[in-house]
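Peer 1: What follows is a structure written as structure tokens; I'll ask about it next.
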Amino acid sequence: MNKKLTELFQGYGLEVTGNHAYGVIEGYETNVEAKGPQFYFTICFYANDETKSLISKEIKNLKFSFFSHTMVSTGLQFSKNDWTVGTFVKNFPNALSKIMEILKKYEVPGITHCPLCGDELDLATSQKYTIENTFLTLDEKCVESINTMIKEENEAFENAPNNYLRGTLGACVGAIVGVIVLVILFFLGYISSLSVIVGIALGTFLYKQFGGKPTKIMVGIVSVINLVAMLLAIYILYYRAAGVLAPDYGFSSTGMEAFRDMMSVEEFSNEFIMNMAMTALFSVLGAAIIGFSIFKSLKREKPVK
């Protein structure tokens, strides 16, 4: 974090380490994480679902600019930004003050109680844990319960059956739908990554539905099948077009021979090569976009420490 932000958060008593800040503000454990120009805050407290709903409604009514929020199991998470760092530093204290007023209005307990179960904590003996880059103090029973659940979920994932053949069939079905989108767009005069995104997204879904296990290998299988399917679709389109156009260019050939003859026509060959290259490029881009989100979803949760 830059100097202005570091000074701002240190002014609240937070300890700043790199792009993360942690401390206690007005009795509530608070975490701040900077991701690019956006700042993400977690204010930890215990409240039942009804109270959280009321708090959320009041925060929404504040209508802050460059602001979004959600209620989570450990309290409140919100993101805040502004036009410049200077305006953020200027406007943030007012936003935080109003949020704190709402929390105090509903008398939700902060660091003195476990944010998960609401039991009172002995701060002299209670430990601070880390959950997804958020530091917070928890009741030991809650930690044991969370870790048991994580262990069971990870074991269930590891022991889940994995049928590569059926999964690959699902990926092929998804790719076929993507090819249909490609053909429609092609005749409309477009080459777009949309067809690849559709093919990979649907292929990933069907891969799992058909019995394939969501792993990194799945991402590779789905991506390669879609790349091959898209390039093959473009080739077939031009192969058929060559047979139709060959007589117009003085060729009496058909089939593969007609395609070879038409490839000697500069206009045809340049368009074919360009569209193949564009399709390959968009396929790689589409695979990267979808693949990134898939890889994130494959990340297994680690025990709370």
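The sequence shown begins at 8 in this note's numbering and counts up one residue at a time. A virtual CB, placed ideally from N, CA and C, is assigned to each residue, including glycine.
For Leu-145 and Leu-110, which I take to be in contact (beta-carbon distance under 8 Å), what is that distance rounded to the nearest angstrom?
Peer 2: Locating residue 145 in the sequence shown gives position 138, where the first residue counts as 1. Locating residue 110 in the sequence shown gives position 103, where the first residue counts as 1. That belief does not hold up - the Cβ atoms of Leu-145 and Leu-110 are roughly 19 Å apart, past 8 Å.
Peer 1: Whole angstroms is fine: what's the gap from Tyr-47's alpha carbon to Lys-135's?
Peer 2: Taking the sequence shown and counting its residues from 1, one reaches residue 47 at position 40. Taking the sequence shown and counting its residues from 1, one reaches residue 135 at position 128. Distance between the alpha carbons of Tyr-47 and Lys-135: 20 Å.
Peer 1: Whole-angstrom Cβ separation of Thr-175 and Ile-228, contact assumed at under 8 Å?
Peer 2: Position 168 of the sequence shown holds residue 175. Position 221 of the sequence shown holds residue 228. Contact flag correct, Cβ pair sits at about 6 Å.
Peer 1: I need the straight-line Cα distance from Phe-74 to Ile-187, nearest angstrom please.
Peer 2: Translated into positions along the sequence shown, residue 74 becomes position 67. Translated into positions along the sequence shown, residue 187 becomes position 180. Cα-Cα distance, rounded: 40 Å.
Peer 1: Quick check on Met-156: buried or exposed, where buried means 16 or more other Cβ atoms within 10 Å of its Cβ?
Peer 2: Here residue 156 corresponds to residue number 149 of the sequence shown, with the count starting at 1. Exposed: under 16 other Cβ atoms inside 10 Å.
Peer 1: Go ahead and label Val-39 buried or exposed: buried means 16 or more other beta carbons lie within 10 angstroms of its beta carbon, across all protein chains shown.
Peer 2: Start at 1 with the first residue of the sequence shown, and residue 39 comes out as number 32. So Val-39 ends up on the buried side.
Peer 1: Would you mind sorting Asn-233 into buried or exposed? The rule is 16 or more other CB atoms within 10 Å of its CB.
Peer 2: By one-based count along the sequence shown, residue 233 stands at place 226. Buried, because 16 or more other Cβ atoms sit within 10 Å of the Cβ of Asn-233.
Peer 1: Got a sec? Which residues, its chain only, sit under 7 Å from Gly-298 by beta carbon, not counting five neighbours each side?
Peer 2: Counting from 1 along the sequence shown, the entry for residue 298 is found at position 291. Answer for Gly-298: Val-226 and Ser-230, listed in chain order.
Peer 1: Please return the same chain residues whose Cβ sits closer than 8 Å to the Cβ of Tyr-113, not counting the five positions on each side in sequence.
Peer 2: For this step, residue 113 is matched to residue 106 along the sequence shown. Around Tyr-113: Ala-54, Thr-58, Leu-61 and Ile-62.
Peer 1: In the structure shown, what three-state DSSP assignment does Ile-109 receive?
Peer 2: The residue labelled residue 109 in the question sits at position 102 within the sequence shown. Helix.
Peer 1: State the DSSP-derived secondary structure class of Ser-322, mapped to helix, strand or coil.
Peer 2: The displayed coordinates of the chain run from 8 to 312. Any statement about residue 322 would go beyond what the structure contains.
Peer 1: In angstroms with no decimal places, state the Cα-to-Cα distance between Tyr-171 and Gly-219.
Peer 2: Here residue 171 refers to the residue found at position 164 of the sequence shown. Here residue 219 refers to the residue found at position 212 of the sequence shown. Whole-angstrom Cα-Cα distance: 5 Å.
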